[in-house]
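*Asks:*
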Amino acid sequence: MRGALIAIEGLDRTGKTTQTERLLAKLKELNITHKLVKFPKRDTQIGKLINTYLTEKSFDLNDQAAHLLFSANRWEVIEEIKKDLQDGTVVILDRYVYSGVAYSAAKGLDFQWCLSPDIGLPKPDLTIFLKFRQSENASRAGFGDERYEVAEFQEKVKHIFENFSTNSEWSPLYVDGLSIDQVHGKIWALLQKYLGGLDNGLQVFSI
Ligand code: NYM
Ligand code: MG
Numbered sequence: 771m772r773g774a775l776i777a778i779e780g781l782d783r784t785g786k787t788t789q790t791e792r793l794l795a796k797l798k799e800l801n802i803t804h805k806l807v808k809f810p811k812r813d814t815q816i817g818k819l820i821n822t823y824l825t826e827k828s829f830d831l832n833d834q835a836a837h838l839l840f841s842a843n844r845w846e847v848i849e850e851i852k853k854d855l856q857d858g859t860v861v862i863l864d865r866y867v868y869s870g871v872a873y874s875a876a877k878g879l880d881f882q883w884c885l886s887p888d889i890g891l892p893k894p895d896l897t898i899f900l901k902f903r904q905s906e907n908a909s910r911a912g913f914g915d916e917r918y919e920v921a922e923f924q925e926k927v928k929h930i931f932e933n934f935s936t937n938s939e940w941s942p943l944y945v946d947g948l949s950i951d952q953v954h955g956k957i958w959a960l961l962q963k964y965l966g967g968l969d970n971g972l973q974v975f976s977i
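Mapping to this note's numbering: the sequence shown position 193 is 963, numbers consecutive.
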């Protein structure tokens, strides 16, 4: 049996980090072997470049090059993730391929082109997409600190994320008006059937 690959996706300031932390605490409490990988993974060489790109607006990088860095940042750690899955570890991803495509395509890059460098990466067994009916995220504390954290741009990203809603592993979760505990409860309910291990092979992203 292998561990499940679970992605948590969403716009900026929708509570992904808070929720992944809650999830980790719960998995720990239940002694379920697990691991969290947050993308971009900012502590690798490539990740450091990405961090500079996101936090220093003067760091001028062409959109395609920036896109490929985000993808390279996934490829550089994927073998380790696959090994963990094989060992039965539940791997939780805070953002993944979907963010990669949505944020870059929102800048005007071609959708398929954006997906291409990620082709061959394992597909999550479940992707929970945290979303607001309204653009509530733009009024949350901390919003606006980094590149992309602009309400108008977030609307575009939101729109592109919708392209994934036909994927079978895609689970949208409306968080409007819900407390942290309530959202956690809903995420936990979605996760239940993936926690006991899976015996099917991993799917991969394809055209
Ligand atoms: N982001 C994240 C991308 O543009 N492409 C990607 O492939 C990934 C994984 O990084 N605004 C963007 C979305 C976010 C920003 O992510 C930083 P976070 O989760 O806020 O640290
Ligand atoms: Mg952010």
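Quick reminder that beta carbons are idealized off the backbone N, C-alpha and C, glycines included.
Measuring straight from C-alpha to C-alpha, what distance separates residue 775 and residue 922?
*Replies:* Numbered from its first residue, the sequence shown carries residue 775 at position 5. Numbered from its first residue, the sequence shown carries residue 922 at position 152. Residue 775 and residue 922: Cα-Cα distance of roughly 31 Å.
*Asks:* Taking the alpha-carbon positions, what's the residue 862 to residue 959 distance?
*Replies:* Taking the sequence shown and counting its residues from 1, one reaches residue 862 at position 92. Taking the sequence shown and counting its residues from 1, one reaches residue 959 at position 189. Rounded to the nearest angstrom, the two C-alpha atoms are 15 Å apart.
*Asks:* Compare the C-beta of residue 847 with all C-beta atoms of chain D and state if any pair is closer than 8 Å.
*Replies:* Absent from the structure: chain D. Only one protein chain is present.
*Asks:* Can you tell me the Cα-Cα spacing of residue 889 and residue 881, whole angstroms?
*Replies:* On the sequence shown, residue 889 is found 119 positions in, with the first residue counted as 1. On the sequence shown, residue 881 is found 111 positions in, with the first residue counted as 1. C-alpha separation (whole angstroms): 13 Å.
*Asks:* Going by Cα to Cα distance, which pick from 913, 798, 771, 781 is closest to residue 945?
*Replies:* Counting from 1 along the sequence shown, the entry for residue 945 is found at position 175. Closest option to residue 945, Cα to Cα, is 781.
*Asks:* Assuming contact is defined by CB atoms lying nearer than 8 Å, are residue 867 and residue 844 in contact in what I supplied?
*Replies:* In the sequence shown, the residue the question calls residue 867 occupies position 97. In the sequence shown, the residue the question calls residue 844 occupies position 74. Yes, they are a contact pair.
*Asks:* Going along the chain, which unbroken runs of the beta strand (DSSP E) with 3 or more residues stay wholly within the region 931 to 972?
*Replies:* Here the runs fully enclosed are 940 to 944.
*Asks:* How about residue 864: is its Cβ closer than 7 Å to a heavy atom in ligand 2?
*Replies:* On the sequence shown, residue 864 is found 94 positions in, with the first residue counted as 1. No, Cβ of residue 864 sits at least 7 Å from all heavy atoms of ligand 2.
*Asks:* Distance check for residue 971 and residue 798, CA to CA, integer angstroms please.
*Replies:* As a position in the sequence shown, residue 798 is number 28, starting the count at 1. As a position in the sequence shown, residue 971 is number 201, starting the count at 1. Straight-line Cα distance between these residues: approximately 25 Å.
*Asks:* Can you tell me whether residue 901 is helix, strand or coil according to DSSP?
*Replies:* The residue given as residue 901 occupies position 131 in the sequence shown. Strand, per DSSP.
*Asks:* Three or more C-beta pairs closer than 8 Å, one from the region 789 to 809 and one from the region 914 to 933: is that the case here?
*Replies:* With a cut-off of 8 Å, the region 914 to 933 and the region 789 to 809 do not count as touching, because too few Cβ pairs lie within range.
*Asks:* Given that a residue counts as buried once 16 or more other Cβ atoms are within 10 Å of its Cβ, and exposed if not, what is residue 957?
*Replies:* By 1-based counting over the sequence shown, the position of residue 957 is 187. When all chains shown are included, residue 957 counts as buried.
*Asks:* Would residue 939 and residue 892 qualify as a contact pair, given that the criterion is a beta-carbon distance under 8 Å?
*Replies:* Along the sequence shown, read from residue 1 onward, the residue named residue 939 stands at position 169. Along the sequence shown, read from residue 1 onward, the residue named residue 892 stands at position 122. For residue 939 and residue 892, no; Cβs fall outside 8 Å.
*Asks:* Does the distance from the CB of residue 986 to the CB of residue 900 come in under 8 Å?
*Replies:* Outside the shown range of the chain, which is 771 to 977, sits residue 986, and nothing can be said about it.
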